[in-house]
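Here the sequence shown is numbered in my numbering, starting from -19 and rising by one per residue.
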Amino acid sequence: MLAELLQSEDFREQWKSPGRMTQQGAVLQGYNNELVKCIEDLCMQKEELNKQIQQAEEEKNKLQHEIQVLSEQLECVCENLAQKVASRNELDAILAETEAAYMKILDSSRTLLNVLKKEVGSLKHTPELKTNVT
-19 MLAELLQSED
-9 FREQWKSPGR
1 MTQQGAVLQG
11 YNNELVKCIE
21 DLCMQKEELN
31 KQIQQAEEEK
41 NKLQHEIQVL
51 SEQLECVCEN
61 LAQKVASRNE
71 LDAILAETEA
81 AYMKILDSSR
91 TLLNVLKKEV
101 GSLKHTPELK
111 TNVT
C-alpha cells in the first residue's frame, strides 16, 4: 500500500508543487487515517475470527466428550451382548443334550412298553392264566 502511495501521480505532483510540505502533510495525514482505519478493521476481523475459533474449539471438545461417553456405552453394550450370546449358546447346548436324553427315554419307554405287551400277551396264552382271566 505504501508502495502504491509513493508511485501515485497525486503524491508525486504534490511533492513538486509550492507549499508542498503543507500539502504533503495533509496527504500524509489522510493516508495515515486510512491506514489506521484499515488496521482497525483488520483487528476487528481478527477478534471476530478468534471468537469463531473459540466457539469451534468448544464444540469440538463437546463432541469429543460425547464420543468418549458413547464409546464407553458401546463397550458396555458389546460386553453385555457377548455375555448374553455366550449364555444363549450354553442354553442351546443344554437344550440339545436334554432333548437327546429325552428322546432316549422315549425310545426306552416305547421299547419297554412293547416288551411288556409281548410278555402280557404271552402270559394270556398260558393255560393257568386263561381260567383266572375272563
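C-beta atoms are modelled at their ideal positions from N, C-alpha and C, and glycine is treated no differently.
Taking only the alpha-carbon atoms, compute the straight-line gap between residue i and residue j and give it to the nearest angstrom.
i: Q53; j: N60; result: 11 angstroms
i: N41; j: K17; result: 36 angstroms
i: Q9; j: Q48; result: 58 angstroms
i: K97; j: T91; result: 10 angstroms
i: E38; j: L50; result: 18 angstroms
i: E70; j: A76; result: 10 angstroms
i: L29; j: E46; result: 25 angstroms
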